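The opening residue of the sequence shown carries number 3 in our numbering; numbering runs sequentially from there. Ideal Cβ placement from N, Cα and C applies to all residues, glycine included. Predicted, not measured: the structure shown is a model, and the values here were computed from it. A short write-up of the structure that comes next.
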Amino acid sequence: MGQVNRYIKDNPALDDVDHALGRPLNPFDTYRNHYATDCPDKIAEFEASEWWDVGQNHAGMTFCQVSDVGRKALAQELSKAETYGRRYELTCDRWDGPAYIMAKSPSAAKYAAYIEADLDWPFMEFCEGLRVRIAT
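Here it is, written out as structure tokens:
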């Protein structure tokens, strides 16, 4: 549970950064960092932005990576808890280690974890022994 289903609607350029990083909980700890495009306008946009490092062209696609400046901009945007929620840590005796969920409330974090787990259990059974706290 390391990514979030979200869209940065007020800033499409920053949403591209979020997309390239895999919509992470933490922009500095991501499983991916690339945006591939063959659109000349998008490539020019990325070249003009300090948020991107434009890379090699391969088979007609240009591969771009998010710069440290882009990661910092995304982290600042995601710090707006009222818009994107908070990062919650969920622990349970039934699984190893904590899980992390971005949500607007502890109950929303539980439900998001339940949906992501895709189990054939009733929700209340899933919640037995589940502990939720704001992640540090």
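Going by Cα to Cα distance, which pick from the options is closest to residue i?
i: Ala15; options: Ala101, Glu52 and Pro26; result: Glu52
i: Phe30; options: Ala119, Gly72, Tyr9 and Ala61; result: Gly72
i: Tyr33; options: Asp40, Thr39, Cys41 and Gly24; result: Gly24
i: Asn35; options: His60, Lys112, Asp18 and Cys41; result: Asp18
i: Arg96; options: Asn28, Gly57, Pro108 and Ala119; result: Ala119
i: Val68; options: Leu121, Leu76 and Gly62; result: Leu76
Do residue j and residue i have their beta-carbon atoms positioned less than 8 Å apart in this structure?
i: Tyr86; j: Leu92; result: no
i: Tyr90; j: Ala50; result: no
i: Asp98; j: Met63; result: no
i: Ile117; j: Ala111; result: no
Am I right that residue i and residue j are in contact with their C-beta atoms under 8 Å? What's the rounded C-beta distance?
i: Phe65; j: Ala38; result: 5 Å
Tell me the residue span of the beta strand (DSSP E) that contains residue i.
i: Cys94; result: Careful: Cys94 lies outside any beta strand (DSSP E) and carries neither H nor E.
i: Ile103; result: Ala101 to Ala105
i: Ile10; result: From DSSP, Ile10 is part of no beta strand (DSSP E); its letter is neither H nor E.
Just curious, the alpha helix (DSSP H) that residue i is in, first and last residue?
i: Ala114; result: Pro108 to Ala119
i: His60; result: Segment Trp54 to His60 is the beta strand (DSSP E) holding His60; no alpha helix (DSSP H) there.
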